[in-house]
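Working notes for the structure below.
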Amino acid sequence: MLLILLTGISGWMDSAAKDEDLVQGRNKSISRIRREPDQTIDVLVMGDSLSYSSVAPLILWKDHGITSYVCGQPGQKIQETYYLLKTALEKQSPKLLILETNVLFRGQGKLDGLEESVAEAGNYHFPIFRFHDIWKALLMEKLYKGESYKGFEIRDGVQSYEEEDYMKESAEKKEMGENVEGYMERIVELCREKNVEILLLSTPSPKNYNYRKHNALVEYAQKNNLSYMNMNMAVKEIGIDWKADSLDKGDHLNLSGACKVTAYLGEYLDKSEWKLPDRRGDAALSAWEKEAEEFEQKVAEKLKVMRGK
25 MLLILLTGIS
35 GWMDSAAKDE
45 DLVQGRNKSI
55 SRIRREPDQT
65 IDVLVMGDSL
75 SYSSVAPLIL
85 WKDHGITSYV
95 CGQPGQKIQE
105 TYYLLKTALE
115 KQSPKLLILE
125 TNVLFRGQGK
135 LDGLEESVAE
145 AGNYHFPIFR
155 FHDIWKALLM
165 EKLYKGESYK
175 GFEIRDGVQS
185 YEEEDYMKES
195 AEKKEMGENV
205 EGYMERIVEL
215 CREKNVEILL
225 LSTPSPKNYN
235 YRKHNALVEY
245 AQKNNLSYMN
255 MNMAVKEIGI
265 DWKADSLDKG
275 DHLNLSGACK
285 VTAYLGEYLD
295 KSEWKLPDRR
305 GDAALSAWEK
315 EAEEFEQKVA
325 EKLKVMRGK
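Its first residue numbered 25, the sequence shown is counted upward by one per residue in the numbering used here.
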C-alpha cells in the first residue's frame with residue numbers, strides 16, 4: 025500500500041515539476057531538460073557550477089548549429105550526474121556527453137557516499153522525495169523564477185585572478201573521490217548502451233585544477249578509451265585573460281571567459297570525429313534561432329558594461 029501511495033504521489037509531483045517556477049535550486053536542471061522537445065539535443069553537458077559557468081549552448085548553436093544543453097548543478101556529486109543523465113536520456117538521444125571533470129574529485133567518505141547513493145536512487149524512482157518542496161510553492165503561491173539559457177547562466181561579475189603557473193608540471197597524481205570510479209563505470213556503460221560518446225572536459229579554473237589532476241584524468245581517459253580535453257593547458261590559445269575573464273578570483277569563469285571557452289570548444293567539436301550535425305535551418309528548431317538572437321543581444325549589452333565601454 026505504501027509503495028502504491030508513493031508511486032501515485034510521485035507521479036503527480038513529477039508532473040507538477042515540469043513547471044520549473046515551482047522547483048527550487050539544484051533541481052531546476054532536471055525540470056528544464058525534461059521540458060526540451062523530444063530528440064532535439066545532440067550534446068549534453070554535465071557537471072558542477074564550472075559547467076554552467078563555462079559552456080554557452082546558444083553560442084554553439086549560433087556559430088555551429090549544434091543543439092546542446094547544460095545539466096549542471098552547484099557542487100554536483102557523481103551520483104547526481106548519473107541519475108540526471110538517466111533522466112535526460114529518457115527523452116533525448118544525444119550523440120555526445122561532455123562531462124566537466126571537477127565532479128570527479130569531489131570527495132565523499134564511504135558513509136556519505138552510501139547515503140548519497142541511496143538518496144539519489146530514491147529521488148530518481150520516487151520524485152516525491154526530490155520535489156517535496158513543491159507543496160510549499162503551491163500552498164504559498166511562491167514561485168522560484170530563474171534565468172537560464174539552455175542551462176547556461178550569465179555571470180557578469182569580474183574578480184581577477186593573480187596569475188601564477190598553476191599548471192606547473194608534476195609527476196604526482198591526484199586520486200579521484202571515493203565512489204567516483206564505480207559511478208563512472210555506470211555512466212560509461214549507460215552511454216555505450218545508448219550510443220553516446222563521452223568527452224571529459226576540464227574548463228579553465230586555477231582554483232580547481234592542477235597538474236596532479238591532469239595526470240589522473242589523462243590516465244583515466246586512456247584506461248577507459250575516452251576523449252579528454254584539458255583547457256587549463258591551453259589558456260593562451262583560448263585567449264583567457266585572468267584579469268578580465270574570472271568571476272571570483274580563479275574559481276569560475278565569467279561571461280567573457282565563457283564566450284571564449286565556448287568558441288574554442290565549438291571549433292574543436294567541428295573538427296572532431298563525432299560529426300555533429302548543423303541543425304540551423306531546421307524548421308522544427310526555429311525557437312533556437314529566436315533564443316540565440318535574444319541571447320546574443322543580452323551578451324553584447326553585458327560585455328559592454330563589463331568592459332567599461
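Ideal Cβ positions, reconstructed from N, Cα and C, are used throughout, including at glycine.
Alpha-carbon to alpha-carbon, residue j and residue i
i: residue 59; j: residue 196; result: 44 Å
i: residue 150; j: residue 109; result: The pLDDT assigned to residue 150 is 49, lower than 50, so where the model puts this residue is not dependable, and the model offers no usable value.
i: residue 84; j: residue 320; result: 12 Å
i: residue 159; j: residue 51; result: Any reading at residue 159 needs caution, since the residue's pLDDT is 47, under 50, leaving its predicted position unreliable; the model's value is listed next. Distance between the alpha carbons of residue 159 and residue 51 is about 15 Å.
i: residue 54; j: residue 95; result: 7 Å
i: residue 324; j: residue 289; result: 20 Å
i: residue 318; j: residue 217; result: 37 Å
i: residue 185; j: residue 326; result: 20 Å
i: residue 171; j: residue 99; result: 19 Å
i: residue 187; j: residue 63; result: 43 Å
i: residue 240; j: residue 307; result: 44 Å
i: residue 168; j: residue 220; result: Its pLDDT being 44, under 50, residue 168 is placed unreliably by the model, and the measurement read from it follows with that caveat. Rounded to the nearest angstrom, the two C-alpha atoms are 33 Å apart.
i: residue 5; j: residue 107; result: The displayed coordinates of the chain run from 25 to 333. Any statement about residue 5 would go beyond what the structure contains.
i: residue 205; j: residue 226; result: 17 Å
i: residue 286; j: residue 203; result: 30 Å
i: residue 101; j: residue 194; result: 27 Å
i: residue 252; j: residue 283; result: 21 Å
i: residue 214; j: residue 183; result: 39 Å
i: residue 92; j: residue 209; result: 23 Å
i: residue 393; j: residue 178; result: Outside the modelled stretch of the chain, which goes from 25 to 333, sits residue 393, for which no answer is possible.
i: residue 74; j: residue 277; result: 8 Å
i: residue 230; j: residue 292; result: 22 Å
i: residue 117; j: residue 259; result: 32 Å
i: residue 122; j: residue 115; result: 18 Å
i: residue 76; j: residue 296; result: 22 Å
i: residue 275; j: residue 267; result: 13 Å
i: residue 247; j: residue 272; result: 34 Å
i: residue 119; j: residue 279; result: 26 Å
i: residue 113; j: residue 322; result: 31 Å
i: residue 257; j: residue 281; result: 15 Å
i: residue 303; j: residue 309; result: 8 Å
i: residue 254; j: residue 87; result: 22 Å
i: residue 212; j: residue 245; result: 11 Å
i: residue 176; j: residue 82; result: 9 Å
i: residue 198; j: residue 72; result: 19 Å
i: residue 377; j: residue 129; result: In the structure as shown, the chain begins at 25 and stops at 333. Residue 377 is therefore absent and cannot be evaluated.
i: residue 242; j: residue 57; result: 30 Å
i: residue 126; j: residue 294; result: 24 Å
i: residue 232; j: residue 207; result: 21 Å
Beta-bridge pairing of residue i - partner residues as DSSP gives them
i: residue 67; result: 92 and 120
i: residue 277; result: 270
i: residue 107; result: DSSP output for residue 107 lists no bridge partner at all.
i: residue 292; result: None, per the DSSP bridge assignment.
i: residue 254; result: 226
Burial state of residue i, where buried means 16 or more other Cβ atoms lie within 10 Å
i: residue 155; result: The predicted position of residue 155 is uncertain, since its pLDDT is 48 and thus under 50; a value taken from the coordinates is nonetheless stated next. Buried, by the Cβ-count rule.
i: residue 124; result: buried
i: residue 305; result: exposed
i: residue 104; result: buried
i: residue 32; result: Residue confidence for residue 32 is low, a pLDDT of 48 falling below 50, so the modelled location carries little weight and cannot support an answer.
i: residue 249; result: exposed
i: residue 69; result: buried
i: residue 97; result: buried
i: residue 301; result: exposed
i: residue 329; result: exposed
i: residue 61; result: exposed
i: residue 331; result: exposed
i: residue 189; result: exposed
i: residue 80; result: buried
i: residue 311; result: exposed
i: residue 270; result: buried
i: residue 78; result: buried
i: residue 192; result: exposed
i: residue 174; result: buried
i: residue 181; result: exposed
i: residue 299; result: exposed
i: residue 314; result: exposed
Below-8 Å beta-carbon distance, residue i vs any chain B residue
i: residue 107; result: No chain B appears in the structure shown, which is made up of a single protein chain.
- request: Mind listing, in chain order, the continuous beta strand (DSSP E) runs of no fewer than 3 residues lying wholly within the stretch 173–242?
  value: 221–226
The stretch 233–241 contacting the stretch 263–280, beta-carbon criterion three pairs below 8 Å: no
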